[in-house]
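Numbering (the UniProt record's numbering), first residue to last: 1 to 331.
Below, the structure is given as structure tokens:
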């Protein structure tokens with residue numbers, strides 16, 4: 001059996017051991033293979049694991065295949081590299097996300113170790129420690145926003161339960177914090193975290209962003225709410241350059257990077273919708289459509305005079321006086 005076929009078979013076995021099992025269509029999708037290949041993999045899986053059971057999907061009436069978890073458990077132990085990735089993610093998350101999320105990830109790490117047999121667990125822990133030492137323990141330097149654990153937990157609870165949230169919020173124009181009742185629809189993570197929510201005190205209120213670090217208190221209410229029809233957090237996030245979204249709306253953005261900066265600019269995805277084009281002089285023009293001119297200014301400043309704003313005019317005016325020529329390196 002080739003390495004590719006073995007990997008495919010293990011992938012299907014792991015999915016078959018999940019609560020819902022696996023269907024032929026899912027095998028096609030996961031492995032990017034055709035229907036006949038999916039059928040051959042199921043036959044091979046049955047030969048390797050006699051415990052494989054064919055069941056009917058209650059929702060679609062189509063066949064699914066399931067394996068008892070114990071049949072494949074020894075094959076699903078994580079690698080040292082995977083455990084290191086989880087440890088590094090835990091460290092990075094602890095310096096940017098909510099404390100409740102950090103606690104959940106730390107608990108997941110402990111559960112994974114508890115599920116591994118003792119002899120393998122000891123070897124895994126030793127390999128993980130060696131890899132972390134080799135990496136020098138990944139770190140995330142630089143300033144970050146401090147958060148409140150009680151606020152983080154309240155937001156997480158409200159999001160999971162579709163519950164209204166009473167917050168004491170101090171916007172950047174507010175002299176003192178004001179009480180608001182909001183319907184939380186999601187979180188945007190970035191240099192700052194923003195709660196995406198509807199202010200229920202506003203008639204016909206639309207989606208707003210509330211800086212999490214500016215929420216002084218948060219209380220989960222017993223009342224639930226109906227999510228805004230058609231709202232999709234990923235689609236909403238793609239409207240923004242960063243996590244901040246100004247009321248001014250969405251703009252058609254065009255930046256021209258000088259030839260000296262193209263090498264570095266090509267290493268960035270500035271926005272999921274971006275397009276790029278090379279100009280005869282070697283410069284690079286990046287175009288996309290998004291909101292968040294202020295966050296664009298913060299980012300463009302790092303490029304000094306190596307980037308020129310072609311549109312919109314408002315953004316070009318905002319950065320015109322701050323295009324420095326003495327930065328020694330690119331972002």
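Glycine residues also receive a C-beta, built at the ideal position from the N, C-alpha and C atoms.
All values reported here derive from a predicted model rather than from experimental measurement.
- Residue burial annotation: residue 165 is buried, with at least 16 other C-beta atoms found within 10 angstroms of its C-beta.
- With a contact defined as Cβ atoms closer than 8 Å, residue 177 and residue 149 miss out at about 18 Å.
- Distance from the Cα of residue 322 is smallest, within the candidate group 313, 181, 300 and 157, for 300.
- Apart from the 5 residues on each side of it in sequence, residue 271 sits with its Cβ closer than 7 Å to the Cβ of 241, 288 and 290 in its chain, given in chain order.
- In this structure, DSSP gives residue 271 a state outside helix and strand, which the three-state scheme calls coil.
- For residue 254 against residue 311, the beta-carbon gap comes to about 5 Å, under 8 Å, which counts as contact.
- For residue 216, the enclosing beta strand (DSSP E) starts and ends at 215 to 224.
- For residue 311, there is no enclosing alpha helix (DSSP H); the residue is found in the beta strand (DSSP E) stretching over 307 to 311.
- Residue 286 counts as buried, since no fewer than 16 other beta carbons sit within 10 angstroms of its beta carbon.
- The bridge partners DSSP lists for residue 254 are 287 and 311.
- The Cβ neighbour count for residue 303, taken over all protein chains shown within 10 Å, is at least 16; the residue is labelled buried.
- Inclusion of residue 185 and residue 233 in the CB contact set at 8 Å is warranted, their separation being smaller than that value.
- Residue 167 is bridged by DSSP to 180 and 218.
- In the displayed model, residue 111 falls within a helix according to three-state DSSP.
- With contacts defined by Cβ atoms closer than 8 Å, residue 16 and residue 41 do not form a contacting pair.
- DSSP, reduced to helix, strand and coil, places residue 43 within a helical segment of the structure shown.
- Nearest neighbour of residue 55 by Cα position, chosen from 21, 82, 26 and 37, turns out to be 21.
- Of the residues assessed, residue 29 falls on the exposed side of the cut-off, its CB having fewer than 16 other CB atoms within 10 angstroms.
- Shortest Cα-Cα distance from residue 61 to any of 24, 83 and 35 involves 24.
- The beta-carbon separation of residue 170 and residue 197, rounded to 16 Å, does not stay under the 8 Å limit for a contact.
- The continuous alpha helix (DSSP H) containing residue 70 extends over residues 69 to 72.
- Under the three-state reduction of DSSP, residue 172 is assigned to coil, being neither helix nor strand.
- Among the bridge pairs identified by DSSP, residue 276 is matched with 286.
- The C-alpha of residue 189 is placed about 32 Å away from the C-alpha of residue 283.
- Residue 194 counts as buried, since no fewer than 16 other beta carbons sit within 10 angstroms of its beta carbon.
- The beta carbon of residue 199 sits closer than 7 Å to those of 180, 182, 205 and 208, all from its chain and outside the five residues before and after it, given in chain order.
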